Amino acid sequence: MEVCDYCSTGDLYTYWGMIGQFGEDAVRVFAAELGCALGFLHDYGIIHRDVKMENILLTDQGHLRLADFGLSRRLERGGRAFTICGTIQYMAPEVLSGGPYNHAADWWSLGILLFALATGRFPVPAEPDHCYMLRKVRSFQYEMPQTFSPSFALLITELLCKTPTRRLRTLERFKRQTFFRGTPFDSHLLQKTPMELILELKERPDRPARAMRGLPRDPLADFDCDLLGSPASPTDSLQTPPTTDLGCAFPLASSAAEIFV
């Protein structure tokens, strides 16, 4: 059974959409917290495989909690995975190609996430399938924006190395980056100070609507409650032909993760 803190503040994607992009000071705290989370998982052999903003929840103090382990799996030492899964714009090239891959793929996803947080966009826009995406990722030159500080640009460059064995892929190496100079990699110290920016955004009147992302605020809005409360006729199921619209099977599928499960 998986147990986590109650995260009433929402997910990181909502706040990214509200602010457009975060400054490096905020990104530094987010990066340190996520790096600690990945380091903890990887120490136990667990690869997350779907690190993305929508899977990062926020506590009432604005700090991060990595969530949704539906695609996670445990790899034995030296083990490799081959399943193409995850959310396509975050997937490492070795995942897009069908493997073999290991925990280094999570660090690539973190690099994509940090790039997007700091710029307001993904380095490579999502393609409709992994084959097209793989071609774009392999050919794309990951040049850092001039707005990045040299230390942040170096961090992203090392995370987005296309060769997994040369990629920044351990917490110890991550912590030694000059971008984190003076940053305590202790969960208690990191989360001692509230993230005021997140707490300010939380109070904005447009946050609830943005958090819904177009879904109806009333979950029963599309239901005929009178009909639901009436007794069913035994012949109702016989009068309704089975649907052949396969699109109805996945009405809310919005990522490769939901399609490949």
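Take the sequence shown: its position 205, counting from 1, is numbered 205 in full-length UniProt numbering, and each next residue is one higher. Built from N, CA and C at the ideal position, the CB exists for glycine as well. Because the structure is a prediction, the values reported are computed rather than measured.
- The beta carbon of R181 sits closer than 8 Å to those of S151, all from its chain and outside the five residues before and after it, given in chain order.
- Contact between the stretch 101-118 and the stretch 18-32 is present, with at least three C-beta pairs closer than 8 Å.
- The criterion of a C-beta distance shorter than 8 Å is not satisfied by T87 and A211.
- Under DSSP, L64 shares a beta bridge with L58.
- By alpha-carbon distance to F174, the top candidate from A104, A26, L12, N55 is A104.
- Boundaries for H48: no alpha helix (DSSP H) harbours it, and the DSSP string shows neither H nor E there.
- Boundaries for P125: no alpha helix (DSSP H) harbours it, and the DSSP string shows neither H nor E there.
- Per DSSP, A105 is one residue of the alpha helix (DSSP H) stretching across 104-119.
- Secondary structure of D11 (DSSP, three-state): strand.
- CA-to-CA, the gap between Q61 and G78 works out to about 38 Å.
- Counting only the Cα atoms, K202 lies some 32 Å from A92.
- Counting the other Cβ atoms within 10 Å of the Cβ of L66 gives 16 or more, which makes it buried.
- S109 is positioned such that its CB atom lies closer than 8 Å to that of V51.
- Its chain contains P93, K162 as the residues whose beta carbon lies nearer than 8 Å to that of R138, once the 5 sequence neighbours on both sides are disregarded; these appear in chain order.
- Here Y132 is exposed: its Cβ has fewer than 16 other Cβ atoms, across all protein chains shown, within 10 Å.
- A92 carries a coil assignment under DSSP once its states are collapsed to helix, strand and coil.
- Contact check for N102 against A81 passes: the beta carbons are separated by less than 8 Å.
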